[in-house]
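In the UniProt record's numbering, the protein residues as written are 1 to 108.
No residue lacks a Cβ here, since even glycine has one placed at the ideal position from N, Cα and C.
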């Protein structure tokens, strides 16, 4: 899926496939497996692996690795379930590591 050219987007740094609109960004204050990451409400052109339980910095979560549909690079993960009530807001949201994204279209 291509996002409208008029929208600020985040794309895969490896193949330039669109990943998310800037409007879907929830937070820039997340930590991925290999560095800083952004939390998004929704993404495009992303596949999802099987869910597994992982102990993350904020507690136990059920997460599924996500990858670029175009080049198959692992980008981050999807929060399937949070086991602590304070973390429930993450459920159904996506983490993409900054090292796998580039900004495109209309950033000044």
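* To do: Starting from residue 103, follow its DSSP beta bridges and name the residues at the other end.
  => Taking the chain shown and counting its residues from 1, one reaches residue 103 at position 103. Answer is 10.
* Just the C-alpha distance for residue 65 and residue 94, rounded to the nearest angstrom, thanks. => Stepping through the chain shown from its first residue, residue 65 is reached at position 65. Stepping through the chain shown from its first residue, residue 94 is reached at position 94. In a straight line, the C-alpha of residue 65 is about 9 Å away from that of residue 94.
* Asked: Under 8 Å between the Cβ atoms of residue 87 and residue 58?
  -> On the chain shown, residue 87 is found 87 positions in, with the first residue counted as 1. On the chain shown, residue 58 is found 58 positions in, with the first residue counted as 1. Result yes, Cβ atoms of residue 87 and residue 58 sit closer than 8 Å.
* To do: Count the other CB atoms, across all protein chains shown, that sit within 10 Å of the CB of residue 38; report buried if there are 16 or more and exposed otherwise.
  => Counting from 1 along the chain shown, the entry for residue 38 is found at position 38. Residue 38 comes out buried.
* To do: Can you tell me which of 34, 27, 55 puts its alpha carbon nearest to the alpha carbon of residue 42?
  => The residue you call residue 42 lines up with position 42 of the chain shown. Residue 27 is the option with its Cα nearest to residue 42.
* To do: Classify residue 89 as buried or exposed, calling it buried when 16 or more other Cβ atoms lie within 10 Å of its own Cβ.
  => Translated into positions along the chain shown, residue 89 becomes position 89. Classification of residue 89: exposed, given that the 10 Å Cβ count is below 16.
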